[in-house]
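Numbering (this note's numbering), first residue to last: 626 to 909. Every residue gets a Cβ at the ideal spot worked out from N, C-alpha and C, and that includes glycine.
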Amino acid sequence: MTRLRTEDIRDIRRTLRTYDKQLLKITGGTLQDIACRAVGINPGKVRPSQDQCLVAVIPVTWGRGIIKGFAQAVEGIASHLGFPSFVTKETDVLGLGEAFERKASVILLSDDRSFLAICPRRGRVIENSDATGRGFATALTMMKKGLRGEAVLVVGTGHVGRSAAVALVGMGAHVSVYDVDQTSSRKLAKRIKKILKREVTIEEDLDDSLRRHRIYFDASPSPGFIHSKHITTDTFIAAPGIPLGISPEGQNKIKDRLLHDPLQIGVATMLMDALYGSKEKILP
Ligand code: 2YH
């Protein structure tokens, strides 16, 4: 999992309303709509400000320490969705005590390995990479107005890519996967075959597979591998990966057919899943 930097998240709070308008324009749904759909709930049934769901975000100093603005950006997303929320004054274990004392319904906290949303009352623990894969796959299908029968290339079979591949297969897409580590691609294809009884194609040549596809899911930590030559007027890209895998010329060309953010869709999906979701995880 890539560690975010302050510059990746600095503008999140300030730009959430604009980002939400942009999402509505390109997907037909708001951040809340995307997150609700990703976890299989009706957005009309969710009233964050009235549901008494208090959200606590705990800064964690363990490992490489606090990322300035991270907890505040996460809290900003919760608050934008309408949840009453706060960042604990204390960090780590004392922060956890503070969150419980203030009767938080859901607690978000991240160290260098994991980023979790925990809802003790419902016994739900939602992992950020898993939610990010599902959230972006949902936004992609909304942007493309359905993915049934469409060929989708997933680049990167880490946690986000695996979660996205499972979600995309569930949406009826023909999924191909590419990863520098082919063992990881093979393992994923085997799991999907076993659990969902669906075939996933394993790609061995990245450039060739990019040329043959029009819909990409970039779940790779590599920068700029999608070039201008890979992008046509019917290319659609979901890219939760940080840094963005599209070259600057490619970014100019893709325009409004790109979904990319460092935290917003993932955090919104985590919150909705922790508080209202009920589906079991398919992949570990
Ligand atoms: O950077 C991360 C995760 N990799 C985020 C994943 C988002 N897709 N975690 C930040 C660690 C934050 C730090 N411990 C703090 O400020 O609490």
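Item	Value
One question on the structure: do residue 790 and residue 813 come within less than 8 Å of each other, judged by their Cβ atoms?	yes
Can you find a heavy atom of the ligand FMN that lies under 7 Å from the Cβ of residue 891?	Among the ligands present in this structure, namely the ligand 2YH, the ligand FMN is not found.
Less than 8 Å between the C-beta atoms of residue 778 and residue 871, yes or no?	no
So, helix, strand or coil for residue 761, using DSSP?	helix
Beta carbon of residue 895, beta carbon of residue 751: below 8 Å?	yes
State the DSSP-derived secondary structure class of residue 699, mapped to helix, strand or coil.	helix
Any heavy atom of the ligand 2YH closer than 7 Å to the CB of residue 713?	no
Taking 7 Å as the cut-off, is the beta-carbon of residue 627 closer than that to any non-hydrogen atom of the ligand 2YH?	yes
Express the C-alpha separation of residue 803 and residue 709 in angstroms, rounding to a whole number.	41 Å
Would you say the region 877 to 885 touches the region 736 to 747, given that touching needs at least three Cβ pairs under 8 Å?	no
My parser needs the alpha helix (DSSP H) runs of 4 or more residues fully inside the region 771 to 820; what are they?	784 to 795
Assuming residue 851 and residue 875 make a contact with CB atoms under 8 Å, what is their CB distance in whole Å?	5 Å
I'd like to check one pair, residue 684 with residue 720: are the Cβ atoms closer than 8 Å?	yes
Look at the alpha carbon of residue 828 and the alpha carbon of residue 880, and state the distance between them as a whole number of angstroms.	27 Å
Tell me whether the beta-carbon of residue 629 lies closer than 8 Å to the beta-carbon of residue 705.	no
Between the Cα of residue 781 and those of 820, 835, 771, spot the shortest distance and give me the residue it belongs to.	835
Check residue 867 in the structure and name its three-state DSSP category.	coil
In the DSSP output, which residue or residues are listed as bridge partners for residue 825?	Paired residue(s): none; residue 825 is not in a bridge.
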